[in-house]
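Novice: The UniProt record's numbering puts the first residue of the sequence shown at 1, with every later residue one more than the last.
We treat Cβ as the ideally placed atom computed from N, Cα and C, and that holds for glycine.
Predicted, not measured: the structure shown is a model, and the values here were computed from it.
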Amino acid sequence: MSRLIDSIIQTLPAERLARRPSLVAVHAFFTVVRSWRLGLAMTLTDDAIYHGGVHRPVRHMGEMETRPLAELVTWTASDQPIERSVGMAALNSALPLAGLPFREGNALDLTARLGAGRQVVVVGHFPHLETVRAAARQLHILEKRPQPGDLPAEAAPQVVPEADVITMTGVTCLNDTVEGLLALKRPGAICIMLGPTVPISPVLFEAGVDVIGGAWVDDERVALPMMAQGATARVLRGLRNVLTARDPRLLEGLPVIVPPPEIAS
């Protein structure tokens, strides 16, 4: 388990972690755990993204709902990729949202706005980066599965320290690369972390993240069947993309949004 993820887990009181989930489901692209709210994480199935080297069966298959969150969140340190995904989804399901100032918005749109005329690095190959590319002075994309025009993930030490804006996928929390990337960030640079996998926790701000671009599920009736039938993040509906920042001035002009009471606490 990374020290960062362990620090996030340590913020949760024992009574919160005593709850047992009402749903644990591993789908093609998303892993889902429902406890205090519906928590999501990318399903790790590609050795290029995370290679734990362990191919044993997942523990407690068919009975994960009998295990307390306190046990499931420790799976964020598992070498078994599916267990690791379950652990992150369990953690996300337990994190309270109440008290955090949220704005509604898309983290890639924010990247384009904050990166206008500046050096931008995006960790992870996202769709629809044309707006970011058009706004930035220079854009580098780091990817563990490089596509034409991308740089391999191993090039991070060459480009991240020069960046004014670094936007990274929340999957970096799953594959233990987040701390190494944050260590490369130069003083004054802005770091945005995005995606449903991102733990929405102020601990990320203490670690050097400036903006969390996360999501919560606001319509399970839409989102759950879509995930069960192979939806990717690009097409998944029933999510609300939200932003929260260490410095609220970074989000000025975006509409304020408050999480519904049933998922806030």
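Hey, how far is the Cα of His-60 from the Cα of Ile-82?
Specialist: 12 Å
Novice: I think Ala-156 touches Leu-184, with their Cβ atoms under 8 Å apart; what is that distance to the nearest whole Å?
Specialist: 6 Å
Novice: I need the boundaries of the alpha helix (DSSP H) containing Met-88, first residue and last residue.
Specialist: 81 to 94
Novice: Are Leu-250 and Asp-210 close, meaning C-beta to C-beta below 8 Å?
Specialist: In this structure, Asp-210 lies closer than 8 Å to Leu-250 by Cβ.
Novice: Does the region 67 to 79 touch the region 215 to 233, meaning 3 or more C-beta pairs lie closer than 8 Å?
Specialist: no
Novice: Cα separation between Leu-12 and Ala-98?
Specialist: Cα to Cα, the separation comes out at about 13 Å.
Novice: Pull the bridge partners of Thr-244 from the DSSP assignment, please.
Specialist: Thr-244 is bridged by DSSP to Ile-212.
Novice: From Gln-80 to Pro-21, what distance separates their C-alpha atoms?
Specialist: 20 Å
Novice: Kindly provide the ranges of any beta strand (DSSP E) runs that are 3 or more residues long and lie completely inside the UniProt domain "Putative heavy-metal chelation" (106 to 237), ordered along the chain.
Specialist: For the UniProt domain "Putative heavy-metal chelation" (106 to 237), whole beta strand (DSSP E) runs of length 3 or above, ordered along the chain, are 119 to 123, 138 to 143, 165 to 169, 190 to 194 and 211 to 217.
Novice: Quick one: grab the DSSP three-state call for residue 327.
Specialist: Nothing can be reported for residue 327: it is not among the residues displayed for the chain, which extend from 1 to 265.
Novice: Assign Val-73 to one of three DSSP states: helix, strand, or coil.
Specialist: helix
Novice: Identify, in the order they occur along the chain, each residue of the same chain with its Cβ nearer than 6 Å to the Cβ of Gly-105, setting aside the five sequence neighbours on each side.
Specialist: Counting only Cβ-Cβ distances below 6 Å, and skipping sequence neighbours, we find Leu-243 and Leu-254.
Novice: For Ala-107, count neighbouring Cβ atoms within 10 angstroms of its own Cβ and tell me buried if that reaches 16, exposed if not.
Specialist: buried
Novice: Given a threshold of 16 other Cβ atoms within 10 Å of its Cβ, counted over all protein chains shown, does Val-33 qualify as buried or as exposed?
Specialist: Buried, because 16 or more other Cβ atoms sit within 10 Å of the Cβ of Val-33.
Novice: Could you tell me the distance, in whole angstroms, from the CA atom of Leu-72 to the CA atom of Val-122?
Specialist: 30 Å
Novice: Short of 7 Å in beta carbon distance, which residues of its chain neighbour Leu-181, apart from the five on each side in sequence? Order them along the chain.
Specialist: Around Leu-181: Val-123, Ala-156, Val-160, Met-168 and Thr-172.
Novice: Expressed to the nearest angstrom, what Euclidean distance is found between the alpha-carbon atoms of Thr-232 and Leu-174?
Specialist: 17 Å
Novice: Distance, Cα to Cα, Leu-44 vs Gly-188?
Specialist: Those two C-alpha atoms are separated by around 33 Å.
Novice: According to DSSP, which residues form a beta bridge with Phe-102?
Specialist: Ile-257
Novice: Hey, would you say Ala-28 sits closer than 8 Å to Gly-238, going by beta carbons?
Specialist: no
Novice: Less than 8 Å separating the beta-carbons of Ala-228 and Ala-25?
Specialist: yes
Novice: Spatial neighbours of Pro-96 within its chain, please: C-beta separation below 6 Å, excluding the five flanking residues on both sides.
Specialist: Answer for Pro-96: Ser-265, listed in chain order.
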